[in-house]
Amino acid sequence: MYIRLAHFYLVLLICISPIALQQAQAQTKQVNKQATIQTSLGDIAIELYSQQAPATVANFIAYIKDAAYNGGDFYRVVGPDNDQGTPQISVIQGRANLHHKDFSPISLETTKYTSLKHQDGTLSMARGGPNTATQEFFICVGDQPALDFGGKRNPDGLGFAAFGRVISGMDIVRKIQRNRQTKAVEDPYIKNQILAQPIEIQSIILSK
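The sequence shown lines up with residues -26 to -1, 1 to 182 when you count with mature numbering (1 follows the signal peptide of the UniProt record, and there is no 0).
Next up, the structure:
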């Protein structure tokens, strides 16, 4: 009697486990926020890694909710043909509108901490020194391991804080990145990278 009952529960557990696993996976995916970056060239849909990079995502969402990116732009494009840094990278860099006052800088959630990688379509925070990121961000065009923790792009070796990815609209990202109508600048490091006519970020809208 007890053996048969135990066998019954074992079979039931085996039958239910895959369903429970699927539900757990679905719930995990639902934790990640999604948003749409509306630009003058078209929409870029993104997913934000709320679990892996909670502080960075919370900061980005705070700027979205404060309408900071309304009237912002993608103003910098970097590729092998115009990159003066080492190793060379390919990204587009965006920012809030120039009238918005930045919030306090956030702590750097490195890729060593988050286990995220700077792959094609990854969103990450722009920064100078460690713990200085505010609202500027960039999107990777192609895999960029030099931007991960331990990468050699930044002298401090800490890399940058990846916090999301593009889920549709990489054609728009690549179109922006190919733009080479740039303006003259004094800093040789960003020569031929600052767009003469930045691509407008009309808004960033969080999905419900």
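C-beta atoms are modelled at their ideal positions from N, C-alpha and C, and glycine is treated no differently. On a predicted model such as this, the values are computed, not experimentally measured, just so you know.
*By Cβ distance below 7 Å, which residues in the same chain neighbour E83 in space, the five residues on each side in sequence not counted?*
A27, A29, T30 and A135
*Inspect the beta-carbon positions of I173 and F34 and report whether they are closer than 8 Å.*
no
*T108: buried (16+ other C-beta within 10 angstroms of its C-beta) or exposed?*
buried
_T10 versus I63 - alpha carbon distance_ = 25 Å
*May I have a chain-ordered list of the alpha helix (DSSP H) segments no shorter than 4 residues that lie completely inside the stretch 61 to 89?*
85 to 88
_Could you compute how far the alpha carbon of A120 sits from the alpha carbon of S14?_
30 Å
*Range covered by the beta strand (DSSP E) that runs through R50*: Unbroken beta strand (DSSP E) run through R50: G46 to V52.
*Hey, E21 and R69 are a contact pair by Cβ (cut 8 Å); roughly how many whole angstroms apart?*
21 Å between Cβ atoms; not a contact.
_Top-ranked residue by Cα proximity to G103, from D122, P79 and G143_ = P79
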